[in-house]
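Q:
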Amino acid sequence: YVMRYHNITKDDMLNGDGLRIVLWVSGCSHCCKDCHNPITWDSNAGIPFSDETKEEIKNKLKEDYISGITFSGGDPLYFTNRSEITRFAKEMKENFPDKTIWLYTGFLWEDICEEEVFRYVDVCVDGPFIAEEKDSLLMWKGSRNQRVIDVKKSLACGEVILHCGDYSKLGKGMNAPAQQIYGGMDT
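Per the working numbering, the very first residue in the sequence shown carries number -4; after that it's consecutive.
1) Mind reading off the beta-carbon distance from V120 to K136? Whole number of angstroms is fine, and I expect it under 8 Å.
2) If you reduce the DSSP assignment to three classes, tell me which class P33 lands in.
3) Can you tell me whether F102 is buried or exposed? The criterion is at least 16 other CB atoms within 10 Å of its CB, across all chains shown.
4) Provide the residue span of the alpha helix (DSSP H) that contains S67, from first to last.
5) According to the Cβ coordinates, are S21 and G69 closer than 8 Å?
6) According to DSSP, simplified to helix, strand and coil, what is T95?
7) Going by C-alpha distance, which of D106, K53 and P71 is nearest E86?
8) Tell me which same chain residues have a C-beta within less than 7 Å of the C-beta of E79, skipping the five on either side of it?
9) Just to confirm, is the Cβ distance from G11 to T100 under 8 Å?
10) Can you tell me the Cβ-Cβ gap for I3 and L14, rounded? I've got them flagged as a contact below 8 Å.
11) Runs of 3 residues minimum, wholly inside the segment 112 to 143: which ones carry the beta strand (DSSP E) assignment?
12) Mark T158 as exposed unless 16 or more other C-beta atoms lie within 10 angstroms of its C-beta, in which case mark it buried.
13) Going by C-alpha distance, which of P92, W97, D59 and A126 is nearest V146?
14) Count the other CB atoms, across all protein chains shown, that sit within 10 Å of the CB of F74; report buried if there are 16 or more and exposed otherwise.
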């Protein structure tokens, strides 16, 4: 089986720290109500993930201003994607040790934390998108049930450690990036 993807976003600011490359893979079993990307659910749709695709991503990651890569979709941990995402994450960490790897998944951390891929991933955003919990003021996630998890710290201590604490309680009427930039003043 060849993993498939729908798009590669370059210079993305919404799916992790800094400017990033986002690989939008095909395949998802969660099928969340009001998903922002339902076109990626079908694992047979999209473009085959090839050596040329990898080279395109590697060439972009060589840029100093790129902070890292984010795997999203679809779901990078959909059963047809796991082995290829794991191999590619390992390759990225070996070739670009100073770049961060983020992974979005609809699975819960407690059910996936022992997967090999997390040896290479720095941050995992877990849990399905729940439309009733949607909050546009949240940073890096779409609904309040999702968690932005510091993978290395969580694996080291055996419990979930959030990447940046509870940023959902920052200044009212201001999203978290604005909070950091403007020091908490309402805009």
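For every residue, glycine included, the Cβ atom is placed at its ideal position computed from N, Cα and C.
A: Considering the structure as presented:
1) 5 Å
2) helix
3) buried
4) Run containing S67: none in the alpha helix (DSSP H); it sits in the beta strand (DSSP E), I61 to G68.
5) yes
6) strand
7) K53
8) M(-2) and F44
9) no
10) Between L14 and I3 the Cβ distance is about 14 Å, and since that is not below 8 Å, they are no contact.
11) 118 to 121
12) According to the sequence provided, residue 158 is His. The question's Thr does not apply to it. With 16 or more other Cβ atoms within 10 Å, it is buried.
13) W97
14) exposed
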